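**Student:** Handing you this structure, nothing more for now.
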Amino acid sequence: MITETQDEVIGPISPISETSDLARLAAEACYVVAQTVAPVWPLADYVAVNPYLGLTATSFIKARKHLQSFSDCELLMPVAYYSQRFKEGQFGRADIYSAIDELVDAGVDGAELLTGRGLEQLLSEPSPVGCDAEATEPSPKPSRLQSISAAYDESACVSWTAKIHEEIGKHCAAHYDRGQAFWPSPWQAQPLYSAWRSAMRHDRRLEVMGLRGVRILAKSLPNEPAAAVARLLQASRVPSELWRAYLLCLAYELPGWSAWTQYQASWVEGGEARVGDGQGDDLIGLLAIRLSYDVALAKQFNFSMNVLGVLESQVLCAEEAAAAQQCPADRGLVRYALLRANELGYRNHVLRQLLAPSAAARHADDADGYSDSLDSKPQKLAQVAFCIDVRSERIRRHFESANKLIETIGFAGFFGIPFAYERLGESTATNQLPVLVPPQFKVVERVRAEAADQQEGVAVRRGFVRSLRKAWKRFQTASASAFAFVEATGMFFGLKLLRRVVSIRAGSLDPRCDGVAKEQRNRLGPDLAALDTQGLNLDRQADLALSILTGMGLLKDFARLVVFCGHGSQTENNPLAAGLDCGACGGHSGEPNARLAAQLLNSSEVRFRLLAKGIEISANVHFLACLHNTTTDEISFFDLDLIPSSHREDFEQLRAAAKTAANQTRLERLPLLSTNKASDPFRRALDWSEVRPEWGLTGNAAFIVAPRRLTESIDLGGRAFLHSYDHRNDPEGKVLEGILTAPMVVGSWINLQYYASTVDPRHFGSGSKTIHNVVGRFGAFSGNGGDLTTGLPWESIRDSDRYQHDPVRLLSVVAAPRAQIARILSLYSGVEQLAANGWIHLVALDGGKFYRFTPQKTWQAIDLDLALNGVQIEEPRVSEAPIPSLVY
4 MITETQDEVI GPISPISETS DLARLAAEAC YVVAQTVAPV WPLADYVAVN PYLGLTATSF
64 IKARKHLQSF SDCELLMPVA YYSQRFKEGQ FGRADIYSAI DELVDAGVDG AELLTGRGLE
124 QLLSEPSPVG CDAEATEPSP KPSRLQSISA AYDESACVSW TAKIHEEIGK HCAAHYDRGQ
184 AFWPSPWQAQ PLYSAWRSAM RHDRRLEVMG LRGVRILAKS LPNEPAAAVA RLLQASRVPS
244 ELWRAYLLCL AYELPGWSAW TQYQASWVEG GEARVGDGQG DDLIGLLAIR LSYDVALAKQ
304 FNFSMNVLGV LESQVLCAEE AAAAQQCPAD RGLVRYALLR ANELGYRNHV LRQLLAPSAA
364 ARHADDADGY SDSLDSKPQK LAQVAFCIDV RSERIRRHFE SANKLIETIG FAGFFGIPFA
424 YERLGESTAT NQLPVLVPPQ FKVVERVRAE AADQQEGVAV RRGFVRSLRK AWKRFQTASA
484 SAFAFVEATG MFFGLKLLRR VVSIRAGSLD PRCDGVAKEQ RNRLGPDLAA LDTQGLNLDR
544 QADLALSILT GMGLLKDFAR LVVFCGHGSQ TENNPLAAGL DCGACGGHSG EPNARLAAQL
604 LNSSEVRFRL LAKGIEISAN VHFLACLHNT TTDEISFFDL DLIPSSHRED FEQLRAAAKT
664 AANQTRLERL PLLSTNKASD PFRRALDWSE VRPEWGLTGN AAFIVAPRRL TESIDLGGRA
724 FLHSYDHRND PEGKVLEGIL TAPMVVGSWI NLQYYASTVD PRHFGSGSKT IHNVVGRFGA
784 FSGNGGDLTT GLPWESIRDS DRYQHDPVRL LSVVAAPRAQ IARILSLYSG VEQLAANGWI
844 HLVALDGGKF YRFTPQKTWQ AIDLDLALNG VQIEEPRVSE APIPSLVY
């Protein structure tokens, strides 16, 4: 029986006054962690997040050094990867020299000691036997802070850190459970830290494993997590000047749970910041919990804190050495130069395409892609507005080639409508807009042309069907019936499983159609009539319609059919399915947005009010909604019964073009799926065992803000976000301001999540899909416990042979006056930091020439002729000193 007292195991922990210097230092350290860790959203609303969100105020290379002072996070691929890219011709000699020049101009420490010849020689060398682009960069172990448990594990050859992480994962999973657990935690109403202290009164698991005293310590801690952190930091004997770094070290040991508690601290499901609701302490509470295990371990095993003192000296010495440039060309700087060379190879390829002879021939008098006149043109058959998602780039090309009377428009997939969508029979709403934007009103779902009592009947049937489904699931998983259920029905489910393996059959009924009769499903959608009850009267509806058209750049010359095309993904048995849906719609299908936009602009009352605002939409213009299934590339149209008879023939032409575009897009994608069967995308959409139903946004690398005329004649390989924009229609820059501060930022989030999941899958990826386990209906474990996964699975960034995603930072090309772009950046420091600090690369197309935004916040002309790989270029202003091969 365990009978030791707190003093016997833990020793006395002196209280700290809330007004003391130590308490202030601890509070500041907690604040730094909260400002550094990026949140992660739940599976149902999964959206791409920039995992370096709290580091963008500093330069990319400095952020890497900062991260590596307290963690083993990585921001660069190994040299072998860049060597492979170089040998494949993805970048060349001139790109290497230009990269070094850029680093020197940016004032990167040690860059002037790099040589182009040295990097060329390095890339041309054959890789060692057994070494490939997947290999971890060989390097001596860095001098950095470690947690007490990690340091003890190394010295004693044990694995307490993994056990502690498992224990924390168990508590967090139970605390945040959203209905998956049959027996929920009784302390869920409390903040995380309080719930953990309550649970520790009964939890003896670690005691059985050999770590005693945690329960006693938890009981003795202050009620407030911040006060507990201060007291535990003092007890840990970590020097106070290292408290910030040490708490960051603990947070990045558990990046998943840190990100999840940051979401609890900063966001609610409505997308609004939490303010003083008691949950904002969860990230600090997680730090207090993690510190408690460290302190208990150190006291029990009498682990010497001198190890941390040695580490402190190593970290300080490493920083001083870097500042003094005693290490002239460390491997990190070499790899950073190679990253930039790889990016320049892609950048120059894209910019040359934008000014290709074919494009120049079409716009000889207009290098920026603008026509000579804004005069009206003959009416088009259709204008189709697609989301700027990179998967739209392919199908837009094929749509336009299928019928020359069809033009496409790139616009954020939520179509500028900031609403939450409440489905019929449900009490909660989903946000159909980017997570950076709060919803302004709610839209309810109804069956069009049905009476109120019939609507109620559908809602009741839907509730009944879903109740039955939940009851059946409860019966399957309940402790009293689970084993009997398997014994009684296992054979039948085995046959069902075999049938799904042998022959892919249609998936189960779409949950959104639960309780809805077959003849009613095509009429199930957003209810425009109910907007007035949400405070959105006709005048406000007209304002919203005007903002949609302005954002699209479509204020006149309307086609006979104007189509809003949302997008969504079709997949079975995929916890991360929302990550394949529309990021602009908060990880949901864009169908409700497209249908609501079409209804608004078809409303005669709205059109009448638009006329007073100077926007005339003639009676022969009809707005339509459709959905692009990005797994199969099929396009489904909605509300066809509302199409006027005068437009039926036009619609049939549109539908034929859509079918041709879908077929051509699938054929283009087949090599990426390693198949030659045109039916394979359909199989993947229905195959419950498929780990790669589609590639999603893999390969994303560019964000182009320009008229479609500039990009319509080129193939961008499904790697570019395309946002339509004509600065001549935006003299005040209001539309451009919205683009640079919302869609471009969202694009950078997507790009950097894919980047981080590729270069550092251990911290910011999610392992293999084959071992994912859903936890609490909000996240996933890679395996059966431990840390929460946050990023993309391995199967989403590479196949069995090679990486499908090339980790490069987003190239943003904006066709607009530099002065206008600079003015907007000066108003939004966060966006300016992304560009100036190297998290994105901003290029302006102004007056027919390209200019890059520099770290000094100036514009530098890009000479594409000098960037040609065959041109002889003098060695840049660098030393000829050889780079020691050992550093690679």
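Heads up: the sequence shown begins at 4 in the numbering used here, then just goes up one per residue. Using N, Cα and C, we set each Cβ at its ideal position, and we do this for glycine too. Bear in mind the structure is a predicted one, so any value in this text is a computation, not a measurement.
Out of G288, G182, A238 and S72, which one is the CA nearest neighbour of C33?
**Tutor:** Cα-wise, what sits closest to C33 is G288.
**Student:** So what does DSSP say about K445, is it helix, strand or coil?
**Tutor:** Note: K445 maps to strand in three-state DSSP.
**Student:** Counting beta carbon pairs with one atom in the stretch 581 to 600 and one in the stretch 523 to 537, are three or more of them shorter than 8 Å?
**Tutor:** Yes, they touch.
**Student:** Here's the rule: buried if 16 or more other CB atoms are within 10 angstroms of the residue's CB, otherwise exposed. What is I774?
**Tutor:** It counts as exposed.
**Student:** Considering only the alpha carbon of each residue, which of E715, F767, D98 and H570 lies closest to L893?
**Tutor:** What the structure shows of the chain is the stretch from 4 to 891, and residue 893 is not part of that stretch, so it cannot be assessed.
**Student:** Mark R204 as exposed unless 16 or more other C-beta atoms lie within 10 angstroms of its C-beta, in which case mark it buried.
**Tutor:** Exposed, since its Cβ has fewer than 16 Cβ neighbours within 10 Å.
**Student:** Looking at the structure shown, is C585 part of a helix, part of a strand, or coil, going by DSSP?
**Tutor:** Residue state, collapsed to three classes: strand.
**Student:** Could you check which residue in G121, D284, N345 and I420 has the C-alpha nearest to that of G95?
**Tutor:** Among G121, D284, N345 and I420, the Cα nearest to that of G95 is on N345.
**Student:** Kindly identify the DSSP beta-bridge partner or partners of C629.
**Tutor:** Answer by DSSP bridge pairing, in chain order: C568 and F640.
**Student:** Quick one: which unbroken beta strand (DSSP E) runs of 3-plus residues sit fully inside the stretch 209 to 245? Chain order, please.
**Tutor:** With a minimum length of 3 residues, no continuous beta strand (DSSP E) run stays inside the stretch 209 to 245.
**Student:** Anyone know if the C-beta pair for A248 and S72 falls short of 8 Å?
**Tutor:** Yes, the pair counts as a contact, with Cβ atoms nearer than the cut-off.
**Student:** Compare the C-alpha of V817 against each of S785, V440, Q859 and F853 and name the closest.
**Tutor:** Selected option, being the one with the closest Cα: F853.
**Student:** Which value, in whole angstroms, describes the spacing of the CA atoms of I638 and I646?
**Tutor:** Going by the C-alpha atoms only, they are around 17 Å apart.
**Student:** Going along the chain, which residues of its own chain have a beta-carbon closer than 7 Å to the beta-carbon of V694, five neighbours each way excluded?
**Tutor:** Answer for V694: K772, T773 and E798, listed in chain order.
**Student:** I need the boundaries of the beta strand (DSSP E) containing S785, first residue and last residue.
**Tutor:** G782 to S785 is the extent of the beta strand (DSSP E) around S785.
**Student:** What is the residue span of the alpha helix (DSSP H) that K166 lies within?
**Tutor:** Unbroken alpha helix (DSSP H) run through K166: W163 to H178.
**Student:** Going straight from the alpha carbon of T8 to that of I219, what length do you get?
**Tutor:** Only weak support is given to the placement of T8: the predicted model assigns it a pLDDT of 42, under 50, and the value that follows is read from those uncertain coordinates. When rounded, the distance between both Cα atoms is 8 Å.
**Student:** Only counting the same chain, and skipping five residues up and downstream in sequence, which positions put a Cβ closer than 6 Å to that of V565?
**Tutor:** Excluding sequence neighbours, V565 sits near Q386 and F626.
**Student:** What do you reckon, are the CB atoms on W44 and V35 nearer than 8 Å?
**Tutor:** Contact: no.
**Student:** Considering only their Cβ atoms, is the gap separating L739 from H730 smaller than 8 Å?
**Tutor:** Yes, these two residues count as a Cβ contact at 8 Å.
**Student:** Under 8 Å, with one C-beta from each stretch per pair, do the stretch 777 to 793 and the stretch 820 to 833 reach the 3-pair mark?
**Tutor:** As far as the Cβ criterion goes, the stretch 777 to 793 does not touch the stretch 820 to 833, which means the pair count is below three.
**Student:** With the cut-off set at 8 Å, would you say Y296 and V393 are in Cβ contact?
**Tutor:** In this structure, V393 does not lie closer than 8 Å to Y296 by Cβ.
**Student:** Would DSSP call G133 helix, strand or coil?
**Tutor:** A caution first: G133 carries a pLDDT of 41, below 50, which makes its placement in the model too unreliable to give a value.
**Student:** Just the Cα atoms here: how many angstroms apart are T714 and D763?
**Tutor:** Between T714 and D763, the C-alpha separation is close to 33 Å.
**Student:** Under 8 Å between the Cβ atoms of L384 and Q656?
**Tutor:** For L384 and Q656, yes; Cβs fall inside 8 Å.
**Student:** Buried or exposed for P381, going by 16 or more other Cβ atoms inside 10 Å?
**Tutor:** When all chains shown are included, P381 counts as exposed.
**Student:** Does DSSP put Y55 in a helix, in a strand, or in coil?
**Tutor:** DSSP places Y55 in coil when its eight states are reduced to three.
**Student:** From L236, Q193 and S101, pick the residue whose C-alpha is nearest to that of R27; which is it?
**Tutor:** Among L236, Q193 and S101, the Cα nearest to that of R27 belongs to L236.
**Student:** Using CA coordinates, which residue listed in P696, P674 and S815 is at the minimum distance from E575?
**Tutor:** For the residues P696, P674 and S815, the minimum Cα distance to E575 belongs to P696.
**Student:** For W190, name the three-state secondary structure that DSSP assigns.
**Tutor:** Residue state, collapsed to three classes: coil.
**Student:** What residue range does the beta strand (DSSP E) around R855 cover?
**Tutor:** Element bounds for R855: K852 to F856.
**Student:** Can you tell me whether D733 is helix, strand or coil according to DSSP?
**Tutor:** Three-state DSSP puts D733 in coil, outside helix and strand.
**Student:** Cα-Cα, which of D24, A301 and A562 is closest to T411?
**Tutor:** Minimum Cα distance to T411 is reached at A562.
**Student:** When you compare only the Cα positions, how much space is there between A291 and A231?
**Tutor:** Cα-Cα distance, rounded: 6 Å.
**Student:** At a cut of 8 Å, does the stretch 401 to 415 reach the stretch 664 to 681 through at least three beta carbon pairs?
**Tutor:** The stretch 401 to 415 is in contact with the stretch 664 to 681.
**Student:** Would A262 and V40 qualify as a contact pair, given that the criterion is a beta-carbon distance under 8 Å?
**Tutor:** Result yes, Cβ atoms of A262 and V40 sit closer than 8 Å.
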